[in-house]
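Undergrad: Protein chains in written order, with this note's numbering: chain A, 2 to 195; chain B, 2 to 195. We put the beta carbon where it would ideally sit given N, CA and C, even for glycine. Structure in structure tokens, see below.
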DNA sequence: CGCTCGTGTTTACGGCGTTAACATCTGTCG
DNA sequence: CGACAGATGTTAACGCCGTAAACACGAGCG
């Protein structure tokens, strides 16, 4: 095996995704390009096509990486909120989503990109499943109303995502952002419990 | 003056935006490019730069056009809901937003693009002002709590936008979409009145 | 040792945004 | 009317982009 033999790279696929993540953090979507990622790995652009069927698949892999990073944040937040009522944990997860979007707007622009290719591994930390698990706790014991679960999941996800996007694009002031997050999430909580 | 003299175009700026709108409807974001829009107008790509400082400004103009089209839809829906309580009109506006996003997903991808350049005219139909006007009716007479108004506006806009995006990307089935829209907007209504 | 295959390279093509230099049309002033 | 000037078009070129074809190197297996 032996990594970096001078000619062969050894683990180019992972290196490409790593480089893509770094470029995304630095330059946002416009930095995530086949040629730039390849150059960042010290490799020709054509080498990418040995590991991805197209450039879109590479950038989809970087986007998936970004989603995993975000999901890890949300799971960590959830761990530190263990023991709290489900509705409070749901709020913390939403706050985590919004905080990530505002702290890493360039990475977030990949997260919120429509998924062109399905992710390779589905067993990774997954934000939707996380939300669903908490929402299920809101159901009365014994009877899960699937429709109620769906609408609660959708409300949680849609409001968090929509709020993140609007704050990022239209509310530059950090203090105003905090006020709005608190006010909106209060209302979302009411809607979730209805 | 005389339009179309064979060499001079006459009203190229508007024609470019019109062509951009048509291309956006047909091919989505990837169709909205300087060269293609110029070609659709029977004009060279460089001609664009006599009317827009950069290609981004042209596509921003097309995006603004898309927002105006959407806003017109929403105003029309509002007209047909005149007389109903404010909370019901708010819901209809939200339904209109979501319906447009799902009916014209390609145009909507321009709408939800971050605005690079401020629109030329701000006096046009504007979705945010529309929402604000209705939300103001929810305030108790005499005392408007600006913070409450903001959080209600944000909840309305964020949930509609987020729901539209999630449905577009992850819920292909029309019937499932309707169920989710109804269920989520019910909950949003509760949160708005809180 | 030598074959094969995985994985890299170079080169080239067409499309993109953008600029510079040039051409034409139109309206205005003498 | 005629010439000049400015607005608005043209072509040609540059560099970046994704992608494909043809080629080259290196590792593992017979």
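Are there 16 or more other CB atoms within 10 angstroms of the CB of residue 176 (chain B), so buried, or fewer, so exposed?
TA: Position 175 of the second chain, counted from the first residue, corresponds to residue 176 (chain B). Exposed.
Undergrad: Name the chain B residues whose beta carbon is nearer than 8 Å to that of residue 158 (chain A)?
TA: Residue 158 (chain A) sits at position 157 when you count from the first residue of the first chain. The contacting residues are 163, 167.
Undergrad: For residue 139 (chain B), which residues from the same chain have a beta carbon less than 6 Å from its beta carbon, with the 5 sequence-adjacent residues on both sides left out?
TA: For the purposes of this step, residue 139 (chain B) is taken as residue 138 along the second chain, with counting starting at 1. Excluding residues within five positions, the ones whose Cβ falls inside 6 Å are 87.
Undergrad: Can you say whether residue 51 (chain B) is buried or exposed, counting buried as having 16 or more other CB atoms within 10 angstroms of its CB?
TA: Position 50 of the second chain, counted from the first residue, corresponds to residue 51 (chain B). Exposed: under 16 other Cβ atoms inside 10 Å.
Undergrad: Kindly list, in the order they appear in chain B, the residues whose Cβ is closer than 8 Å to that of residue 170 (chain A).
TA: Residue numbering aside, residue 170 (chain A) sits at position 169 when the first chain is read from its first letter. Under the 8 Å cutoff, chain B gives 115, 116.
Undergrad: Using CA atoms only, rank isn't needed, just tell me which of A:159, A:106, A:103 is closest to residue 193 (chain A).
TA: In the first chain, counting from the first residue as 1, residue 193 (chain A) sits at position 192. The residue with the shortest Cα to Cα distance from residue 193 (chain A) is A:159.
Undergrad: How many Å lie between residue 17 (chain B) and residue 64 (chain B) at the Cα?
TA: Counting from 1 along the second chain, the entry for residue 17 (chain B) is found at position 16. Counting from 1 along the second chain, the entry for residue 64 (chain B) is found at position 63. In a straight line, the C-alpha of residue 17 (chain B) is about 12 Å away from that of residue 64 (chain B).
Undergrad: Quick one: is residue 154 (chain B) buried, meaning 16 or more other Cβ sit within 10 Å of its Cβ, or exposed?
TA: Position 153 of the second chain, counting from 1, holds the residue named residue 154 (chain B). Residue 154 (chain B) should be labelled buried.
Undergrad: What is the residue span of the alpha helix (DSSP H) that residue 95 (chain A) lies within?
TA: Working through the first chain from its first residue, we reach residue 95 (chain A) at position 94. Its alpha helix (DSSP H) spans residues 87–104.
Undergrad: How far does the alpha helix (DSSP H) with residue 155 (chain A) in it reach, from first residue to last?
TA: Within the first chain, numbered from 1, the residue matching residue 155 (chain A) stands at position 154. Run containing residue 155 (chain A): 147–171, per the alpha helix (DSSP H) assignment.
Undergrad: List, from N- to C-terminal side, the alpha helix (DSSP H) runs of 4 residues or more that fit wholly inside the stretch 12–38 of chain A.
TA: Here the runs fully enclosed are 13–28.
Undergrad: Decide if residue 171 (chain B) is buried, meaning its Cβ has at least 16 other Cβ atoms within 10 Å, or exposed.
TA: Position 170 of the second chain, counted from the first residue, corresponds to residue 171 (chain B). Classification for residue 171 (chain B): exposed.
Undergrad: State the Cα-Cα distance for the pair residue 84 (chain B) and residue 93 (chain B), rounded to the nearest angstrom.
TA: Sequence index remark: in the second chain, residue 84 (chain B) carries index 83 (1-based). Sequence index remark: in the second chain, residue 93 (chain B) carries index 92 (1-based). In a straight line, the C-alpha of residue 84 (chain B) is about 13 Å away from that of residue 93 (chain B).
Undergrad: Ends of the alpha helix (DSSP H) at residue 47 (chain A)?
TA: Start at 1 with the first residue of the first chain, and residue 47 (chain A) comes out as number 46. Segment: none, residue 47 (chain A) is in no alpha helix (DSSP H) and carries neither H nor E.
Undergrad: Just to check my reading of the structure: residue 165 (chain A) and residue 108 (chain A) have Cβ atoms closer than 8 Å, yes? What is that Cβ distance to the nearest angstrom?
TA: Within the first chain, the letter at position 164 stands for residue 165 (chain A). Within the first chain, the letter at position 107 stands for residue 108 (chain A). Contact doesn't hold; Cβ gap of about 12 Å is too wide.
Undergrad: I'd like to know whether the C-beta of residue 32 (chain A) is nearer than 7 Å to at least one C-beta of chain B.
TA: For the purposes of this step, residue 32 (chain A) is taken as residue 31 along the first chain, with counting starting at 1. Not closer than 7 Å to any Cβ of chain B, the Cβ of residue 32 (chain A) fails to qualify, so no.
Undergrad: Would you mind working out which of A:169, A:157, A:81, A:173 sits nearest residue 186 (chain A), comparing C-alpha positions?
TA: Sequence index remark: in the first chain, residue 186 (chain A) carries index 185 (1-based). Among A:169, A:157, A:81, A:173, the Cα nearest to that of residue 186 (chain A) belongs to A:157.
Undergrad: Work out the CA separation of residue 70 (chain B) and residue 190 (chain B) for me, nearest whole Å.
TA: Mapped onto the second chain, residue 190 (chain B) falls at position 189. Mapped onto the second chain, residue 70 (chain B) falls at position 69. The straight-line gap from Cα to Cα measures roughly 26 Å.
Undergrad: Counting only beta-carbon separations shorter than 7 Å, does residue 3 (chain A) have a partner in chain B?
TA: To locate residue 3 (chain A), count along the first chain from 1; it is residue 2. With a pLDDT of 37 at residue 3 (chain A), under the threshold of 50, the modelled position of that residue is not reliable, and the figure given next carries that caveat. No, its Cβ sits nowhere closer than 7 Å to a Cβ of chain B.
Undergrad: For residue 75 (chain B), go through chain A and note every residue whose CB falls closer than 7 Å to its CB, in chain order.
TA: As a working mapping, residue 75 (chain B) is identified with position 74 in the second chain. Within chain A, no residue comes near residue 75 (chain B); the closest Cβ sits about 16 Å away, beyond 7 Å.
Undergrad: Contact check, residue 41 (chain B) vs residue 20 (chain B) under 8 Å by CB: the rounded distance?
TA: As a first step, residue 41 (chain B) is located in the second chain; it is residue number 40 there, counting from the start. As a first step, residue 20 (chain B) is located in the second chain; it is residue number 19 there, counting from the start. With a Cβ gap of about 4 Å, residue 41 (chain B) and residue 20 (chain B) count as contacting.
Undergrad: Measure from the C-beta of residue 191 (chain B) to each C-beta in chain A and report whether the shortest distance is under 7 Å.
TA: As a position in the second chain, residue 191 (chain B) is number 190, starting the count at 1. Residue 191 (chain B) counts as touching chain A.
Undergrad: What do you get for residue 97 (chain A), buried or exposed, if any count of 16 or more other CB atoms within 10 angstroms of its CB means buried?
TA: Within the first chain, the letter at position 96 stands for residue 97 (chain A). Classification of residue 97 (chain A): buried, given that the 10 Å Cβ count is 16 or more.
Undergrad: Less than 8 Å between the CB atoms is what I'm expecting for residue 82 (chain A) and residue 90 (chain A), so what's the real figure, rounded?
TA: The sequence position of residue 82 (chain A) within the first chain is 81, counting from 1. The sequence position of residue 90 (chain A) within the first chain is 89, counting from 1. Right, their Cβ atoms sit about 5 Å apart.
Undergrad: Hey, quick one: how far does the alpha helix (DSSP H) through residue 75 (chain A) stretch, first residue to last?
TA: Here residue 75 (chain A) refers to the residue found at position 74 when the first chain is read from its first residue. 56–80 is the span of the alpha helix (DSSP H), which, as asked, contains residue 75 (chain A).
Undergrad: Quick check: is the beta carbon of residue 43 (chain A) nearer than 7 Å to any beta carbon in chain B?
TA: Here the question's residue 43 (chain A) lines up with position 42 in the first chain. No, residue 43 (chain A) does not count as interfacial toward chain B.
Undergrad: If contacts are defined as beta-carbon pairs under 8 Å, then residue 168 (chain B) and residue 152 (chain A) qualify, I think. What distance do you get, rounded to the angstrom?
TA: Here residue 168 (chain B) corresponds to residue number 167 of the second chain, with the count starting at 1. Here residue 152 (chain A) corresponds to residue number 151 of the first chain, with the count starting at 1. The pair is not a contact, with the Cβ atoms about 12 Å apart (cut-off 8 Å).
Undergrad: Identify the contact partners of residue 151 (chain A) in chain B, using a Cβ-Cβ distance below 8 Å as the criterion.
TA: Residue mapping note: residue 151 (chain A) aligns to position 150 of the first chain, counting from 1. Chain B residues near residue 151 (chain A): 180, 181, 184.
Undergrad: I'd like to know whether the C-beta of residue 188 (chain A) is nearer than 7 Å to at least one C-beta of chain B.
TA: For the purposes of this step, residue 188 (chain A) is taken as residue 187 along the first chain, with counting starting at 1. At least one chain B Cβ lies under 7 Å of residue 188 (chain A).
Undergrad: Closer than 7 Å by C-beta to residue 45 (chain A): which residues in its own chain qualify, once you throw out the five before and the five after it? Chain order, please.
TA: Your numbering for residue 45 (chain A) matches position 44 in the first chain. Counting only Cβ-Cβ distances below 7 Å, and skipping sequence neighbours, we find 39.
Undergrad: Rounded to whole angstroms, what is the Cα-Cα separation between residue 57 (chain A) and residue 34 (chain B)?
TA: Taking the first residue of the first chain as position 1, residue 57 (chain A) is located at position 56. Taking the first residue of the second chain as position 1, residue 34 (chain B) is located at position 33. For residue 57 (chain A) and residue 34 (chain B), the distance between alpha carbons rounds to 19 Å.
Undergrad: Against residue 71 (chain B), what residues of chain A qualify as contacts under a CB-to-CB distance less than 9 Å, listed in chain order?
TA: As a first step, residue 71 (chain B) must be located in the second chain, where it is residue number 70. Going along chain A, no residue has its Cβ under 9 Å from residue 71 (chain B), so there is no contact; the nearest lies around 16 Å.
Undergrad: Check this for me: beta carbons of residue 126 (chain B) and residue 161 (chain B), under 7 Å apart or not?
TA: Start at 1 with the first residue of the second chain, and residue 126 (chain B) comes out as number 125. Start at 1 with the first residue of the second chain, and residue 161 (chain B) comes out as number 160. Going by C-beta atoms, residue 126 (chain B) is not nearer than 7 Å to residue 161 (chain B).
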